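Visitor: Protein chains in written order, with the working numbering: chain A, 1 to 462; chain B, 463 to 805.
Note that CB positions come from ideal geometry on N, CA and C, so glycine has one too.
Since the structure is predicted, the reported quantities are computational estimates derived from the model, not experimental observations.
Handing you a structure now.
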Amino acid sequence: MPVEILMPALSPTMEEGKLSKWLKKEGDKVTSGDVLAEIETDKATMEVEAVDEGTLGKILVPEGTDNVKVNAVIAVLLGEGESADAASAPKAANAEAPAEEAPKQEAVAEKPAASVPAAPKTEVAADPDIPEGTEMVSTTVREALRDAMAEEMRRDPNVFIMGEEVAEYQGAYKITQGLLDEFGPRRVVDTPITEHGFAGVGVGAAMTGLRPIVEFMTFNFAMQAIDQIINSAAKTLYMSGGQMGAPMVFRGPSGAAARVAAQHSQCYAAWYSHIPGLKVVMPYSAADAKGLLKAAIRDPNPVIFLENEILYGHSFDVPKLDDFVLPIGKARIHKKGKDVTLVSFGIGMNYTVKAEAELAKMGIDAEIIDLRTIRPMDIPTVIESVKKTGRCVTIEEGYPQSSVGTEIATRVMQQAFDYLDAPILTIAGKDVPMPYAANLEKLALPNVQEIIDAVKAVTYTA
Amino acid sequence: MATRAKKSPARSAQTSAIKAPKPIQFTKEQELEAYRHMLLIRRFEEKAGQLYGMGFIGGFCHLYIGQEAVVTGMQMSLKEGDQVITGYRDHGHMLACGMSPRGVMAELTGRRGGLSKGKGGSMHMFSKEKHFYGGHGIVGAQVSLGTGLAFANRYRDNGNVSLAYFGDGAANQGQVYESFNMASLWKLPVIYIIENNRYAMGTSVLRASAETDFSKRGISFNIPGIQVDGMDVRAVNAAGEEAAAWARSGKGPMILEMQTYRYRGHSMSDPAKYRSKDEVQKMRSDHDPIEQVKHRLIENGWSTEDDLKKIDKDVRDIVADAADFAQSDPEPDPSELYTDILL
Numbered sequence: 001m002p003v004e005i006l007m008p009a010l011s012p013t014m015e016e017g018k019l020s021k022w023l024k025k026e027g028d029k030v031t032s033g034d035v036l037a038e039i040e041t042d043k044a045t046m047e048v049e050a051v052d053e054g055t056l057g058k059i060l061v062p063e064g065t066d067n068v069k070v071n072a073v074i075a076v077l078l079g080e081g082e083s084a085d086a087a088s089a090p091k092a093a094n095a096e097a098p099a100e101e102a103p104k105q106e107a108v109a110e111k112p113a114a115s116v117p118a119a120p121k122t123e124v125a126a127d128p129d130i131p132e133g134t135e136m137v138s139t140t141v142r143e144a145l146r147d148a149m150a151e152e153m154r155r156d157p158n159v160f161i162m163g164e165e166v167a168e169y170q171g172a173y174k175i176t177q178g179l180l181d182e183f184g185p186r187r188v189v190d191t192p193i194t195e196h197g198f199a200g201v202g203v204g205a206a207m208t209g210l211r212p213i214v215e216f217m218t219f220n221f222a223m224q225a226i227d228q229i230i231n232s233a234a235k236t237l238y239m240s241g242g243q244m245g246a247p248m249v250f251r252g253p254s255g256a257a258a259r260v261a262a263q264h265s266q267c268y269a270a271w272y273s274h275i276p277g278l279k280v281v282m283p284y285s286a287a288d289a290k291g292l293l294k295a296a297i298r299d300p301n302p303v304i305f306l307e308n309e310i311l312y313g314h315s316f317d318v319p320k321l322d323d324f325v326l327p328i329g330k331a332r333i334h335k336k337g338k339d340v341t342l343v344s345f346g347i348g349m350n351y352t353v354k355a356e357a358e359l360a361k362m363g364i365d366a367e368i369i370d371l372r373t374i375r376p377m378d379i380p381t382v383i384e385s386v387k388k389t390g391r392c393v394t395i396e397e398g399y400p401q402s403s404v405g406t407e408i409a410t411r412v413m414q415q416a417f418d419y420l421d422a423p424i425l426t427i428a429g430k431d432v433p434m435p436y437a438a439n440l441e442k443l444a445l446p447n448v449q450e451i452i453d454a455v456k457a458v459t460y461t462a
Numbered sequence: 463m464a465t466r467a468k469k470s471p472a473r474s475a476q477t478s479a480i481k482a483p484k485p486i487q488f489t490k491e492q493e494l495e496a497y498r499h500m501l502l503i504r505r506f507e508e509k510a511g512q513l514y515g516m517g518f519i520g521g522f523c524h525l526y527i528g529q530e531a532v533v534t535g536m537q538m539s540l541k542e543g544d545q546v547i548t549g550y551r552d553h554g555h556m557l558a559c560g561m562s563p564r565g566v567m568a569e570l571t572g573r574r575g576g577l578s579k580g581k582g583g584s585m586h587m588f589s590k591e592k593h594f595y596g597g598h599g600i601v602g603a604q605v606s607l608g609t610g611l612a613f614a615n616r617y618r619d620n621g622n623v624s625l626a627y628f629g630d631g632a633a634n635q636g637q638v639y640e641s642f643n644m645a646s647l648w649k650l651p652v653i654y655i656i657e658n659n660r661y662a663m664g665t666s667v668l669r670a671s672a673e674t675d676f677s678k679r680g681i682s683f684n685i686p687g688i689q690v691d692g693m694d695v696r697a698v699n700a701a702g703e704e705a706a707a708w709a710r711s712g713k714g715p716m717i718l719e720m721q722t723y724r725y726r727g728h729s730m731s732d733p734a735k736y737r738s739k740d741e742v743q744k745m746r747s748d749h750d751p752i753e754q755v756k757h758r759l760i761e762n763g764w765s766t767e768d769d770l771k772k773i774d775k776d777v778r779d780i781v782a783d784a785a786d787f788a789q790s791d792p793e794p795d796p797s798e799l800y801t802d803i804l805l
């Protein structure tokens with residue numbers, strides 16, 4: 001059967017072009033790969049190559065024709081023993097004819113757009129009950145993180161940790177202390193200073209089903225690796241149609257430490273919370289650090305686990321249980337109250353807790369919600385609280401624009417507008433790179449007085 | 463080759479670039495296998511180009527025409543469980559790994575029967591079953607990931623090697639060298655295959671690379687490298703066998719620079735004005751990987767023109783079937799929008 005040669009589209013946006021030149025004549029033998037013609041698009045001159053073999057039977061669009069629509073028949077190719085006369089009258093013999101027979105339109109473009117399906121809602125389990133009489137042990141966040149990793153490495157031989165100074169040095173911040181002794185160099189892997197590279201190595205290993213914990217000495221250095229985190233780890237499950245993903249944890253300190261200036265003082269909560277395919281956890285207490293890190297290691301998805309250098313040395317009660325795992329995606333009500341909802345997470349909780357104590361002295365009963373997980377965000381818990389208090393203030397150390405707080409404010413405004421008695425105020429770090437000077441650094445960070453002022457404003461108790 | 467293998471692992475720069483092993487003569491069966499595989503890739507890609515021209519395939523589409531001997535020869539040197547990972551010019555690699563032409567073509571047209579359910583497209587396909595780890599659209603990312611596959615092989619001590627393919631353009635990315643360093647330091651079983659097709663999109667290697675002998679790119683890391691005639695499937699296979707044996711025996715990575723050529727533009731919308739028609743024509747007429755095999759098959763009296771026409775017809779039928787499927791298979795159900803984001 002004669003083969004129709006169509007005007008090809010040569011870019012994602014091309015709709016028509018000029019057939020500038022035929023390089024084969026009627027009657028010429030053609031093999032696949034031969035250049036038949038040249039066409040001009042708005043961008044460039046391109047060659048039309050033959051796909052099939054045969055004899056060029058009839059040229060239907062002469063050279064020099066402008067505005068030839070994509071998919072118009074421009075020539076007919078004949079097989080062995082076929083003649084040009086045998087070719088049925090071409091359906092779209094000239095350039096003006098619309099390309100209505102083009103399968104593209106039927107197959108793809110003309111369908112009415114389907115309505116966008118609703119995003120699925122997932123239920124997150126509540127925290128496990130801690131049996132009465134459970135011993136509470138005062139533990140630093142540092143020890144809690146180490147214990148979580150050690151327990152999970154004992155439980156699952158596929159779990160390993162890699163990063164700079166995690167093994168022989170025992171961790172730049174001593175989070176991996178003792179792990180090399182217990183698990184050996186196969187599972188506690190010192191890497192060169194090569195964040196982009198070892199993040200990619202970790203993702204590749206995870207794609208085969210291993211469970212890497214990739215430690216960044218700080219998340220500031222993970223900027224070098226952010227392509228692997230987002231483009232490889234977060235998107236592979238989707239791009240592979242569910243065949244493979246990256247079950248792994250990226251962890252390390254994020255946010256300001258003390259006097260380390262702009263390049264080492266940045267909170268990444270909002271950054272990573274933007275990305276579908278990631279979970280983002282940022283604990284405050286040692287118990288949450290332990291229970292959530294264990295959950296993150298077991299989670300089949302890539303989890304960004306944001307720690308804080310200042311919190312590493314803080315002590316909190318941690319329940320002494322064989323296997324204390326907390327749900328990712330569930331906020332924790334740190335303190336119940338009725339007058340205003342304070343939402344914070346990570347180091348932001350430090351300011352919030354102090355502010356709440358001051359507010360109590362003024363007779364303001366604040367509820368504190370520790371988000372714990374930034375993505376998926378437990379907005380229902382926040383909404384429940386706002387329905388009760390009618391007022392909300394968010395507190396974080398990150399930059400103010402597109403912050404976690406602005407996200408909370410948007411969602412509460414959309415979902416609980418009628419319950420609000422005042423605009424939501426968002427306390428964040430100042431919109432400046434972190435300065436070095438002690439006084440300026442202090443000014444750049446949120447402070448307790450700002451929270452108190454914000455609460456006074458939303459409760460109209462100035 | 464045997465004498466070099468007896469040496470202790472190279473510690474000095476001078477020994478890092480090693481001579482290509484002589485192309486081994488293929489048996490009749492090997493020639494026929496190579497012929498069929500390469501022809502499938504060629505015909506598949508021609509059809510993909512055609513479907514792109516008809517508007518069935520959208521976005522970016524990078525064809526592998528001209529480079530078929532590289533994946534075909536390498537695949538012939540692998541054993542079950544060895545992994546493959548590559549960049550965005552990936553259709554040939556997937557077919558060589560044994561992934562279904564229907565699945566690949568339907569992914570190109572964005573249909574539900576595509577290997578990624580229509581959600582990945584030309585540059586992002588995977589197959590756990592065939593140990594193919596993508597299909598990556600970020601130039602160079604697959605090199606770190608492929609090193610991670612080798613890390614996993616070492617962790618599991620499973621005797622498998624991983625093949626990380628990348629181009630002469632990707633060879634200038636920083637993470638490639640971060641990966642070289644770790645792979646050599648930890649003696650990971652990975653083969654780095656640099657498909658040097660002379661152009662990174664429109665930039666020739668001469669304009670982009672201070673050192674155009676890519677087999678030497680591992681010298682600082684004590685990784686040996688071989689320059690290979692990537693248009694000769696036998697040469698590719700010989701180098702692949704050597705590199706696989708090297709990596710499998712615990713000696714660490716090896717670099718294979720495949721000197722190859724793409725006949726088409728970088729992508730479908732590339733008019734390829736940066737090179738002469740004569741240059742392309744000369745490669746096609748003098749070095750075509752498929753014609754070389756065809757010539758030997760006939761010269762040796764192993765096949766007649768008719769035998770080969772029969773193979774050609776079989777391959778065309780497979781491709782036509784894939785194309786029909788890819789055009790008739792429905793688009794993904796709208797509910798797929800929100801699946802496979804998190805487990």
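1. Quick check on Glu493 (chain B): buried or exposed, where buried means 16 or more other Cβ atoms within 10 Å of its Cβ?
2. Please confirm if Ser273 (chain A) has its CB atom under 8 Å from at least one CB of chain B.
3. If you reduce the DSSP assignment to three classes, tell me which class Ile685 (chain B) lands in.
4. Looking at the C-beta of Ala37 (chain A), does it have a partner C-beta in chain B at a distance below 8 Å?
5. Let me know the secondary structure DSSP gives Tyr654 (chain B) once reduced to three states.
6. So Gly610 (chain B) is in the alpha helix (DSSP H); what residue range does that whole segment cover?
7. In or out: Gly535 (chain B) buried (at least 16 other Cβ within 10 Å) or exposed?
8. Would you call the CB atoms of Leu607 (chain B) and His593 (chain B) closer than 8 Å?
9. Helix or strand or just coil, what does DSSP make of Trp708 (chain B)?
10. Could you check whether the Cβ of Glu491 (chain B) sits closer than 8 Å to any Cβ belonging to chain A?
11. Which whole-angstrom value describes the C-beta separation of Ala531 (chain B) and Gln689 (chain B), a residue pair presumed to lie in contact below a C-beta threshold of 8 Å?
12. I want to see whether chain A comes within less than 8 Å of Tyr661 (chain B), judged by CB atoms only; does it?
13. What are the boundary residues of the alpha helix (DSSP H) that includes Ile451 (chain A)?
14. Establish whether the CB of Pro276 (chain A) and some CB of chain B are separated by less than 8 Å.
15. Sorted by chain position, which residues of the same chain lie with C-beta nearer than 6 Å to Glu79 (chain A)'s C-beta, five sequence neighbours on each side aside?
16. Out of B:Gly580, B:Ser646, B:Thr548, B:Asp691, state which residue places its alpha-carbon closest to the alpha-carbon of Pro751 (chain B).
17. By DSSP, does Asp418 (chain A) sit in helix, in strand, or in coil?
18. Tell me, please, whether the region 314-334 of chain A touches the region 253-260 of chain A by the rule of three or more beta-carbon pairs shorter than 8 Å.
19. Is the separation between the beta-carbon of Asn658 (chain B) and that of Ser539 (chain B) shorter than 8 Å?
20. Could you check what DSSP says for Lys330 (chain A) in three-state terms: helix, strand or coil?
21. Just to check my reading of the structure: Val73 (chain A) and Leu60 (chain A) have Cβ atoms closer than 8 Å, yes? What is that Cβ distance to the nearest angstrom?
22. Below 8 Å on the Cβ atoms is my contact criterion, and I expect Glu569 (chain B) with Gly583 (chain B) to pass it. Report the Cβ-Cβ distance as a whole number of Å.
23. How would you list, in chain order, the residues of chain A whose beta-carbon sits under 9 Å from the beta-carbon of Ser738 (chain B)?
24. Sort out for me which residues DSSP pairs Met720 (chain B) with in a bridge.
25. Is DSSP giving Asp66 (chain A) helix, strand or coil here?
26. Cβ closer than 8 Å: which chain A residues qualify as neighbours of Thr801 (chain B)?
27. For the candidate residues B:Ala603, B:Trp648, B:Gln604, whose alpha-carbon lies nearest to that of Asn615 (chain B)?
28. Which bits of chain A does Ala784 (chain B) rub up against, with CB to CB less than 8 Å?
29. Excluding the five sequence neighbours on either side, which residues of its own chain have a C-beta within less than 8 Å of the C-beta of Met413 (chain A), listed in chain order?
30. Mind pulling the beta strand (DSSP E) runs of 3 or more residues that sit fully within the region 292-356 of chain A?
31. For Ala662 (chain B), which residues in the same chain have their Cβ closer than 7 Å to its Cβ, ignoring the five residues on either side in sequence?
32. If contacts are defined as beta-carbon pairs under 8 Å, then Gly200 (chain A) and Ser240 (chain A) qualify, I think. What distance do you get, rounded to the angstrom?
33. Find the nearest neighbour of Ala444 (chain A) within the set A:Asp431, A:Val455, A:Ala454, judged by alpha-carbon distance.
34. Could you check what DSSP says for Thr410 (chain A) in three-state terms: helix, strand or coil?
35. With C-beta atoms as the reference, is Glu767 (chain B) less than 8 Å away from Lys579 (chain B)?
36. Taking 7 Å as the limit between beta carbons, can you name the residues of its chain near His314 (chain A), skipping five residues before and five after?
Guide: A quick look at the data gives this:
1. buried
2. no
3. coil
4. no
5. strand
6. 603-618
7. Around the beta carbon of Gly535 (chain B), 16 or more other beta carbons lie within 10 angstroms, which makes this residue buried.
8. no
9. Looking at Trp708 (chain B) - three-state DSSP - the assignment turns out to be helix.
10. no
11. Not really, about 15 Å apart at Cβ, beyond 8 Å.
12. no
13. Unbroken alpha helix (DSSP H) run through Ile451 (chain A): 448-458.
14. Cβ-Cβ to chain B under 8 Å: yes for Pro276 (chain A).
15. For the sequence presented, residue 79 (chain A) should be read as Gly rather than Glu. Once the five neighbours on either side are set aside, the close Cβ partners of Gly79 (chain A) are Gly54.
16. The shortest C-alpha separation from Pro751 (chain B) is found at B:Asp691.
17. helix
18. As far as the Cβ criterion goes, the region 314-334 of chain A does not touch the region 253-260 of chain A, which means the pair count is below three.
19. no
20. In the three-state reduction of the DSSP assignment, Lys330 (chain A) falls in the coil class, being assigned neither a helical nor a strand state.
21. 6 Å
22. 7 Å
23. Ordered by position in chain A, no residue passes the 9 Å Cβ test against Ser738 (chain B), which lies about 13 Å from the chain.
24. B:Glu657, B:Val690
25. DSSP places Asp66 (chain A) in strand when its eight states are reduced to three.
26. Going along chain A in sequence order, the residues near Thr801 (chain B) (Cβ under 8 Å) are Gly242.
27. The residue with the shortest Cα to Cα distance from Asn615 (chain B) is B:Trp648.
28. For Ala784 (chain B), there are no neighbours in chain A by C-beta distance under 8 Å, as the nearest C-beta there is about 14 Å away.
29. Contacts found: Leu420, Ile424.
30. 303-307, 315-319, 332-335, 340-344
31. Gly629, Asp630, Gly631, Ala670
32. Gly200 (chain A) to Ser240 (chain A), Cβ: 17 Å. No contact.
33. A:Asp431
34. In this structure, Thr410 (chain A) counts as helix in the three-state DSSP scheme.
35. no
36. Thr140, Val141
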